[in-house]
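Contents: one structure, followed by commentary.
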DNA sequence: CGGTTATTTAGATAATAAATTAATTAGAGA
DNA sequence: TCTCTAATTAATTTATTATCTAAATAACCG
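Residue numbers (our numbering), protein chains in the order written: chain L, 2 to 107; chain Z, 2 to 107.
And the structure:
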């Protein structure tokens with residue numbers, strides 16, 4: 002939980018999550034969307050991975066990152082309920098993130 | 002939004018929010034629940050206030066802090082929907098936070 | 001094997017955040 | 001007004017985080 006809130010406390014990291022909510026991306030593709038260097042992005046990815054918010058998968062030379070939405074949804078939702086309880090929990094349409102929208106950053 | 006996620010990225014601050022979800026408290030009462038000094042707590046409260054997550058009200062010499070749950074709920078919920086959209090939005094039972102539970106910290 | 005691409009790890013530095021002590025503002029009450 | 005309590009602001013120190021350059025690891029291809 003600590004790790005998750007810490008991970009979310011960064012605009013570039015939230016932006017990465019937004020990108021990954023649209024599609025799985027290789028580290029280099031993610032880095033290309035930012036001004037900073039690859040090592041910097043790599044570190045952000047590491048923090049997101051440590052928080053369990055993304056997962057990586059190697060395919061040849063590439064490392065593909067993808068969103069682990071359950072964790073995000075469960076944690077934030079659980080936290081919300083704690084501070085402001087409500088009857089109906091938010092559930093996520095896990096298996097198929099929508100791919101249509103042109104909006105990518107928060 | 003930035004301010005809100007930054008505010009939430011701290012265990013003591015989340016703990017303060019948890020306390021305030023149970024009852025309105027004076028700054029001193031909040032500080033008494035932590036190991037750190039009053040100025041330190043005061044700064045945390047300032048950050049929470051700047052994020053719009055708490056509100057303060059003076060009553061004589063005392064400054065009473067209370068939770069602004071709408072902001073928390075709307076922001077986190079809005080963010081969740083962005084990364085993992087779902088049909089039914091989470092609404093908060095604003096006016097009357099439950100007071101029963103003995104649990105106070107996250 | 002040697003070269004090229006993809007990505008991360010190491011090491012160093014700069015920018016931010018958190019905590020402390022000391023001093024200040026605000027109000028209550030004799 | 002003087003003093004006491006409540007709380008914040010100021011100034012400083014310390015710790016953490018973010019970022020960079022350079023080097024290392026991993027995998028492909030000739």
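All residues carry an ideal CB built from backbone N, CA and C; glycine is no exception.
Legend entry - Cutoff 8 Å: residue 78 of chain L Cβ touching any chain Z Cβ: yes
Legend entry - Near-chain L residues of the stretch 44-67 of chain Z (beta-carbon distance less than 7 Å), N- to C-terminal order: none
Legend entry - Pairwise C-alpha distance: residue 45 of chain L and residue 64 of chain L: 14 Å
Legend entry - Cβ shell of residue 35 of chain L (< 7 Å), same chain only, five flanking positions each side left out: 13 and 42
Inset, instruction - Evaluate residue 24 of chain L with the Cβ neighbour count: other Cβ atoms within 10 Å of its Cβ, from every protein chain shown; 16 or more gives buried, anything less gives exposed. - result: exposed
Legend entry - Short CB-CB distance (under 8 Å) between residue 6 of chain Z and chain L: yes
Legend entry - Interface flag, residue 24 of chain L vs chain Z, CB-CB below 8 Å: no
Legend entry - Coarse secondary structure for residue 6 of chain Z, derived from DSSP in three states: helix
Inset, instruction - Could you check what DSSP says for residue 69 of chain L in three-state terms: helix, strand or coil? - result: coil
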